[in-house]
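Novice:
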Amino acid sequence: MQNIAPLEDRDALYYPYVHIRDEDWLKRTLLVFPGMARMIADDYTPNDGDLVVALSTGPKPLLRRADLSTPLAKAAQQRLLSEMAADLASDRDGYLARFGEDASKAATSADPLGFQMHIGRASYELAEFLRSNGLAWTPPPDIIDHPNYVQMHPRIGEAVLGTIAVACARDEGFDIVANSDDAPSRKLNQCIAMDTATAVYDAIVRGKVSGQHEQLSDTAVLEVIAHFHCDVSKLSAENLIALADEREALSNLKAELYKMASTVPTMTNEKNLEARLHALADAAIRRWEGDRANLSAVARQIFGLEASAKGIAEVMNKAVEKFTGPGGITAAAATSIGWSVTHPLLAMGGGLTLGFVVHSIASIAKAREREESSPFRYLSEATKRGVVISVGA
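All residue numbers for the sequence shown refer to the working numbering, where the first residue is 2 and numbers rise by one.
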């Protein structure tokens with residue numbers, strides 16, 4: 002059986018960037034996680050687009066700054082400093098030959114910008130250590146992204162940012178997410194679970210293999226649904242914020258998908274694992290479709306009609322709201338829910354009998370109750386707010 006991470010209500014931590022490079026990716030990620038934090042230096046203001054600004058402000062922001070200066074984050078960076086100092090003391094020339102400025106230019110020859118980061122994301126002590134030992138330097142004026150940015154060898158930069166990210170994730174229970182290649186976030190999430198302060202540095206700089214099997218996140222199937230089966234082009238910031246209030250529905254969905262994913266055996270072949278996750282996503286969407294209150298289908302079942310089934314379903318849906326006790330639908334009552342006296346239903350023999358009305362309304366009410374109690378209700382809430390979900394995308 003697949004080893005799955007514990008089921009928790011976690012926010013996401015965006016890694017390694019500050020700026021959101023793909024707004025649709027952000028929308029899909031916020032379908033999976035109720036909120037997301039970004040690793041932003043205190044004195045830096047991102048140049049965000051309208052969507053990100055809307056999600057970062059107001060009484061219920063979904064995007065926020067991660068606290069990079071907690072005791073755990075500071076301790077993790079001090080431990081990283083100690084590990085790098087020990088390696089420098091052991092073989093300074095060799096270390097700088099691998100991770101100094103010349104080595105960085107060779108490693109990033111295809112990207113003239115190289116690895117740059119705002120030095121304020123690191124602690125003062127770590128920043129000074131990196132600069133004084135030739136592991137961080139000011140980029141040339143023509144390529145510097147910001148006055149407080151420094152360049153580093155990519156592996157040193159990843160070790161620094163990764164160490165801070167893992168400490169933040171442990172501090173606040175984050176799941177680390179990335180909007181490019183997902184491999185970096187998977188590696189860091191694995192480091193979160195490892196009981197060692199040097200896990201990130203060991204993996205990225207020292208190249209040590211942990212020997213620990215990668216856990217399958219409890220959000221794995223939901224991430225496949227969100228990123229491969231959801232059209233979010235019409236999902237607005239306002240509707241994303243409203244959808245974030247559906248925490249119970251999201252929790253129920255994650256719990257159901259968690260049970261489905263627990264049937265997947267442990268796999269080391271990523272391609273086969275990905276295929277299994279996509280199959281589970283398809284199965285979950287089909288189950289959701291089966292649980293939805295398909296009022297048109299109910300209308301056809303009741304009336305045996307095809308042409309106007311949708312219209313009848315809408316009318317009967319109003320009737321469910323208006324009439325929950327015994328009694329017939331008279332012309333006056335029909336008018337109160339928007340029917341005219343010539344409506345097809347009232348034309349059926351001079352009004353609707355008590356038994357017919359009770360049966361009709363009960364059928365629709367049961368369909369709605371089934372949808373409300375479904376563990377997949379969160380998907381229904383998402384569609385109400387503009388998300389289009391499809392099978393086999």
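From the three backbone atoms N, C-alpha and C, an ideal C-beta is built for every residue, glycine too.
Since this is a predicted model, take the numbers as computed values, not measurements.
In terms of residues, what are the limits of the alpha helix (DSSP H) holding residue 16?
Specialist: Numbered from 1 along the sequence shown, position 15 holds the residue referred to as residue 16. First-last for residue 16: undefined, no H or E at that position.
Novice: Using three-state DSSP, classify residue 293 as helix, strand or coil.
Specialist: Stepping through the sequence shown from its first residue, residue 293 is reached at position 292. The answer is coil: DSSP assigns residue 293 none of H, G, I, E or B.
Novice: Since residue 74 and residue 200 should fall inside the 8 Å C-beta cutoff, what is the C-beta to C-beta distance between them, to a whole number of angstroms?
Specialist: Here the question's residue 74 lines up with position 73 in the sequence shown. Here the question's residue 200 lines up with position 199 in the sequence shown. About 15 Å; that fails the 8 Å criterion.
Novice: Assign residue 217 to one of three DSSP states: helix, strand, or coil.
Specialist: Mapped onto the sequence shown, residue 217 falls at position 216. It is a strand residue.
Novice: Is residue 374 helix, strand or coil when you go by DSSP?
Specialist: Looking up residue 374 in the sequence shown gives position 373. DSSP places residue 374 in helix when its eight states are reduced to three.
Novice: Contact check, residue 35 vs residue 10 under 8 Å by CB: the rounded distance?
Specialist: Residue mapping note: residue 35 aligns to position 34 of the sequence shown, counting from 1. Residue mapping note: residue 10 aligns to position 9 of the sequence shown, counting from 1. With a Cβ gap of about 7 Å, residue 35 and residue 10 count as contacting.
Novice: Please name the residue, chosen from 382, 143, 242, 50, that lies closest to residue 59 on a Cα-to-Cα basis.
Specialist: Numbered from its first residue, the sequence shown carries residue 59 at position 58. Looking at the Cα atoms, 242 is the closest of the given residues.
Novice: Sort out for me which residues DSSP pairs residue 117 with in a bridge.
Specialist: Taking the first residue of the sequence shown as 1, we reach residue 117 at position 116. Bridge partners of residue 117: 152.
Novice: Quick check on residue 157: does DSSP put it in helix, strand or coil?
Specialist: On the sequence shown, residue 157 is found 156 positions in, with the first residue counted as 1. Helix at residue 157.
Novice: In angstroms, rounded to a whole number, what distance separates the CA positions of residue 24 and residue 203?
Specialist: Here the question's residue 24 lines up with position 23 in the sequence shown. Here the question's residue 203 lines up with position 202 in the sequence shown. Rounded to the nearest angstrom, the two C-alpha atoms are 33 Å apart.
Novice: CA-CA distance, residue 267 and residue 218?
Specialist: Taking the first residue of the sequence shown as 1, we reach residue 267 at position 266. Taking the first residue of the sequence shown as 1, we reach residue 218 at position 217. Going from the Cα of residue 267 to the Cα of residue 218 covers about 13 Å.
Novice: Per the contact definition of three or more C-beta pairs closer than 8 Å, is the region 137-148 in contact with the region 245-263?
Specialist: Verdict: no, contact absent.
Novice: When you compare the region 118-138 with the region 217-236, are there three or more beta-carbon pairs, one atom per stretch, that lie closer than 8 Å?
Specialist: Too few Cβ pairs lie closer than 8 Å, so no.
Novice: Looking at the strands, I want to know which residues DSSP matches up with residue 232.
Specialist: If you number the sequence shown from 1, residue 232 lands on position 231. Beta-bridge pairing links residue 232 to 389.
Novice: Roughly how many whole angstroms lie between the Cα atoms of residue 374 and residue 57?
Specialist: Position 373 of the sequence shown holds residue 374. Position 56 of the sequence shown holds residue 57. Cα to Cα, the separation comes out at about 32 Å.
Novice: Considering Cα atoms alone, identify which of 61, 143, 154, 146 is closest to residue 102.
Specialist: For this step, residue 102 is matched to residue 101 along the sequence shown. If we check each option's Cα against that of residue 102, 154 comes out closest.
Novice: According to DSSP, is residue 204 part of a helix, a strand, or is it coil?
Specialist: Position 203 of the sequence shown, counted from the first residue, corresponds to residue 204. Residue 204 falls in the helix class under three-state DSSP.
Novice: Classify residue 286 as helix, strand or coil using the three-state DSSP reduction.
Specialist: The sequence position of residue 286 within the sequence shown is 285, counting from 1. Helix at residue 286.
Novice: Please classify residue 68 as buried or exposed, where buried requires at least 16 neighbouring CB atoms within 10 angstroms.
Specialist: On the sequence shown, position 67 is the one that residue 68 refers to. By the 10 Å Cβ count, residue 68 comes out exposed.
Novice: For residue 350, which of helix, strand or coil comes out of DSSP?
Specialist: Sequence index remark: in the sequence shown, residue 350 carries index 349 (1-based). Any reading at residue 350 must be qualified, since the residue scores a pLDDT of 44, below 50, and its modelled position is unreliable; no value is offered.
Novice: Just to confirm before moving on: does the CB-CB distance between residue 54 and residue 40 stay below 8 Å?
Specialist: As a working note, residue 54 is residue 53 in the sequence shown. As a working note, residue 40 is residue 39 in the sequence shown. Not closer than 8 Å, so no.
Novice: I need the boundaries of the beta strand (DSSP E) containing residue 38, first residue and last residue.
Specialist: By 1-based counting over the sequence shown, the position of residue 38 is 37. 37-39 is the extent of the beta strand (DSSP E) around residue 38.
Novice: So is residue 124 buried or exposed if we call it buried at 16+ other beta carbons inside 10 Å?
Specialist: What you label residue 124 is simply residue 123 of the sequence shown in a count that begins at 1. Label assigned to residue 124: buried.
Novice: Measure the C-alpha to C-alpha separation of residue 112 and residue 105 and round it to an integer number of angstroms.
Specialist: Reading the sequence shown from its first residue, position 111 is the one you call residue 112. Reading the sequence shown from its first residue, position 104 is the one you call residue 105. Using only the alpha carbons, I get a separation of about 11 Å.
Novice: Say whether the region 259-278 touches the region 380-394, bearing in mind that this needs 3 or more beta-carbon pairs closer than 8 Å, one atom from each stretch.
Specialist: Result no; under three Cβ-Cβ pairs closer than 8 Å.
Novice: Check the C-beta distance from residue 233 over to residue 28 and give it rounded, since I have them as a contact under 8 Å.
Specialist: Along the sequence shown, read from residue 1 onward, the residue named residue 233 stands at position 232. Along the sequence shown, read from residue 1 onward, the residue named residue 28 stands at position 27. 4 Å between Cβ atoms; contact.
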